[in-house]
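So the protein sequences, as listed, match chains A and B.
Each residue of the first sequence is one higher than the last, beginning at 118 in the working numbering.
Each residue of the second sequence is one higher than the last, beginning at 118 in the working numbering.
A quick write-up on the structure given underneath.
Protein chains: 2
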Amino acid sequence: MEIQGLPGRLLAHLGPAIASGELPAGTVLRAEELEAQHGVSRTVVREAVRILESMRMVEPRRRVGTTVRPQSDWDVFDPLVIRWRLAGAGRSAQLRSLGSLRVAVEPAAAALAARHASDDDRRELSALAVELTVTARAADLEAFLEHDIAFHAAVLRASGNEMFAHLKDTVGAVLTGRTEHRLMPHRPREYAVQLHRDVAEAICAGDPELAERAMRTIVVGALEELDATLTD
Amino acid sequence: MEIQGLPGRLLAHLGPAIASGELPAGTVLRAEELEAQHGVSRTVVREAVRILESMRMVEPRRRVGTTVRPQSDWDVFDPLVIRWRLAGAGRSAQLRSLGSLRVAVEPAAAALAARHASDDDRRELSALAVELTVTARAADLEAFLEHDIAFHAAVLRASGNEMFAHLKDTVGAVLTGRTEHRLMPHRPREYAVQLHRDVAEAICAGDPELAERAMRTIVVGALEELDATLTD
DNA sequence: CGGCTTGAATAAGTCATACCTTTGGGTCTA
DNA sequence: TAGACCCAAAGGTATGACTTATTCAAGCCG
């Protein structure tokens with residue numbers, strides 16, 4: 118999953134530093150300095166910088182150095198960029214953006230899933246709905262989170278659209294971030310759990326409209342809760 | 118925009134080759150061979166491979182070589198991956214995926230735009246709607262395409278959500294691909310143009326429901342046309 | 001005979017260095 | 001002052017030497 122070796126290590130420093138605004142747009146990074154600061158060779162620095170370039174976060178220019186590009190240029194769908202932003206300063210903005218994205222995508226995915234889900238998909242969704250109910254009643258936040266992530270991932274996958282399916286890690290990151298940063302009620306609301314059961318049932322019954330409506334209620338609720346909680 | 122220099126050139130060979138299935142999952146690339154085949158140095162090969170690794174398209178492993186990963190692992194939201202797939206074999210699958218994504222995102226973006234668009238945004242949308250009408254009547258496909266792309270980009274940007282805004286190049290690629298591959302009527306349908314005007318008017322009037330509905334009609338229509346045209 | 005250890009071969013990973021190419025800016029000249 | 005010109009600075013590329021991890025197989029032990 119992660120980029121390997123020293124370039125990965127360097128990236129793990131530079132990426133968050135840029136994403137958090139510690140190195141704002143316009144900052145000039147010079148290869149030689151990076152070598153010295155991190156005690157690595159040219160090769161390593163170049164590979165890390167190349168990756169940042171491919172994410173459109175920096176732009177190397179001869180005679181001038183490697184400059185940090187404005188946030189509006191970044192590849193905001195890149196999983197690494199999303200993770201870096203969630204980790205640091207841009208967290209609230211990132212959560213809000215992702216919240217809107219979820220509102221757009223997840224209901225559509227639920228509708229598609231109701232049409233295209235395989236029998237295995239349906240079985241899995243039912244099982245996960247049960248798990249959610251159980252862990253919610255037990256107020257086991259950790260287990261609830263795990264199953265919640267699995268549930269949304271299952272819906273996205275069952276949609277049969279590869280691009281939706283690939284958003285599973287992103288949605289997972291949002292849910293995790295929400296729990297970690299105490300943006301969630303200490304105990305999952307029974308109403309929310311009921312909605313998850315509704316989604317599962319609608320998909321199993323092959324009812325796209327119902328599935329979409331229930332899922333929309335879930336993600337709109339999550340977004341509103343987010344907006345109400347985030348102060349910045 | 119593009120990755121610069123020799124690594125970029127190498128990437129422009131390897132990326133499409135992998136995306137098109139010419140180098141299927143499991144294929145082993147050895148650095149030494151790539152050097153010889155493309156007449157470049159290790160430095161260049163390593164940087165190109167690192168970028169492919171960051172897109173999750175290949176996985177370098179010691180003692181074994183750099184193996185091509187299955188398509189399901191790829192970073193399907195990466196603009197380069199999308200472009201490569203649109204260019205080659207995976208084109209139909211890619212267009213379908215993107216079509217569904219548009220159906221999910223663009224109506225939501227239109228609704229947000231109706232709430233948050235600035236006065237400049239609204240002016241621009243009105244102007245673009247006029248341009249669309251004019252070029253459609255003149256059956257000037259090239260100019261129509263250009264304004265169509267600009268229109269959808271403007272809606273996405275006006276939504277105020279950075280992630281939606283970043284999909285503008287992706288949507289542009291779909292529209293371009295559709296025109297290039299003759300998946301469009303030779304003359305834009307007046308009905309479709311009317312819908313674009315409806316979207317612009319609804320956003321200008323601040324009517325989210327109407328904007329969303331009109332935009333949904335546009336993208337659903339586009340998707341259905343696509344499904345009807347694509348044979349594979 | 002089967003499983004475990006061990007060692008050698010292999011390919012990627014890293015480093016250091018030399019040299020090339022582009023480009024921004026200063027200088028010199030008309 | 002305007003223009004041509006030159007130089008230094010920074011990234012770009014090439015290469016050789018060395019390191020490290022990993023696979024595979026030979027060989028050893030139970």
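Idealized CB from N, CA, C, for every residue including glycine.
Counting pairs of beta carbons, one from the region 255 to 262 of chain B and one from the region 287 to 297 of chain B, are three or more of them closer than 8 Å?
-> yes
Return the first residue and the last residue of the alpha helix (DSSP H) that A/G216 is part of.
-> Within the first sequence, the letter at position 99 stands for residue 216 of chain A. Where A/G216 is concerned, the enclosing alpha helix (DSSP H) stretches over 208 to 233.
What residues in the region 147 to 169 of chain A have a beta carbon less than 8 Å from any beta carbon of chain B?
-> T160, R163, E164, R167, I168
N- and C-terminal bounds of the beta strand (DSSP E) containing B/P177 | Mapped onto the second sequence, residue 177 of chain B falls at position 60. Unbroken beta strand (DSSP E) run through B/P177: 175 to 178.
Below 8 Å, can you find three or more Cβ-Cβ pairs linking the region 326 to 346 of chain B to the region 220 to 239 of chain B?
-> yes
In the DSSP assignment, what are the bridge partners of B/G182?
-> The count along the second sequence starts at 1 and reaches residue 182 of chain B at position 65. Its beta-bridge partners are B/R178.
Cross-chain neighbours of A/E241 in chain B, by beta carbon under 9 Å | Residue 241 of chain A sits at position 124 when you count from the first residue of the first sequence. Going along chain B, no residue has its Cβ under 9 Å from A/E241, so there is no contact; the nearest lies around 17 Å.
Near A/V198, which residues of its chain fall below 8 Å by C-beta distance, leaving aside the five closest residues on each side in sequence?
-> The residue labelled residue 198 of chain A in the question sits at position 81 within the first sequence. Counting only Cβ-Cβ distances below 8 Å, and skipping sequence neighbours, we find G132, A136, M172, M174, W191, D192.
Does the beta-carbon of A/V162 have 16 or more other beta-carbons within 10 angstroms, so that it is buried, or is it exposed?
-> In the first sequence, the residue the question calls residue 162 of chain A occupies position 45. A/V162 is buried by the Cβ-count criterion.
So is A/E119 buried or exposed if we call it buried at 16+ other beta carbons inside 10 Å?
-> For this step, residue 119 of chain A is matched to residue 2 along the first sequence. A/E119 should be labelled exposed.
Would you decide whether B/V145 is buried or exposed? Buried here means 16 or more other CB atoms lie within 10 Å of its CB.
-> Here residue 145 of chain B refers to the residue found at position 28 of the second sequence. Its Cβ having fewer than 16 others within 10 Å, B/V145 is exposed.
So is B/A270 in contact with chain A if we call contact Cβ pairs under 8 Å?
-> Within the second sequence, the letter at position 153 stands for residue 270 of chain B. Judged by the 8 Å Cβ criterion, B/A270 is not in contact with chain A.
Could you spell out where the alpha helix (DSSP H) holding B/A253 opens and where it closes?
-> By one-based count along the second sequence, residue 253 of chain B stands at place 136. Unbroken alpha helix (DSSP H) run through B/A253: 236 to 254.
To the nearest angstrom, how far is it from the Cα of B/V316 to the Cα of A/G207?
-> Within the second sequence, residue 316 of chain B is the residue found at index 199, counting from 1. Within the first sequence, residue 207 of chain A is the residue found at index 90, counting from 1. Between B/V316 and A/G207, the C-alpha separation is close to 32 Å.
In the DSSP assignment, what are the bridge partners of B/L146?
-> Locating residue 146 of chain B in the second sequence gives position 29, where the first residue counts as 1. Answer is B/T183, bridged to B/L146.
Specify the secondary structure class of A/I120 as computed by DSSP and reduced to three states.
-> Residue numbering aside, residue 120 of chain A sits at position 3 when the first sequence is read from its first letter. A/I120 falls in the coil class under three-state DSSP.
B/P133 by DSSP, collapsed to three states: which one?
-> Counting from one through the second sequence, the residue named residue 133 of chain B turns up at place 16. Helix, per DSSP.
Taking only beta carbons into account, state which residues of the region 282 to 313 of chain A come closer than 7 Å to chain B, listed in chain order.
-> H283
For A/H130, which residues from the same chain have a beta carbon less than 8 Å from its beta carbon, with the 5 sequence-adjacent residues on both sides left out?
-> What you label residue 130 of chain A is simply residue 13 of the first sequence in a count that begins at 1. Answer for A/H130: H155, listed in chain order.
With DSSP as the reference, label A/T346 as helix, strand or coil.
-> Residue numbering aside, residue 346 of chain A sits at position 229 when the first sequence is read from its first letter. In the structure shown, A/T346 sits in a helix (DSSP, three-state: H, G or I).
Contact set between the region 192 to 203 of chain A and chain B, restricted to residues whose Cβ is under 8 Å from the partner | D192, V193, F194, D195, P196, L197
Cα-Cα separation, A/C321 to A/E329 | Counting from one through the first sequence, the residue named residue 321 of chain A turns up at place 204. Counting from one through the first sequence, the residue named residue 329 of chain A turns up at place 212. When rounded, the distance between both Cα atoms is 13 Å.
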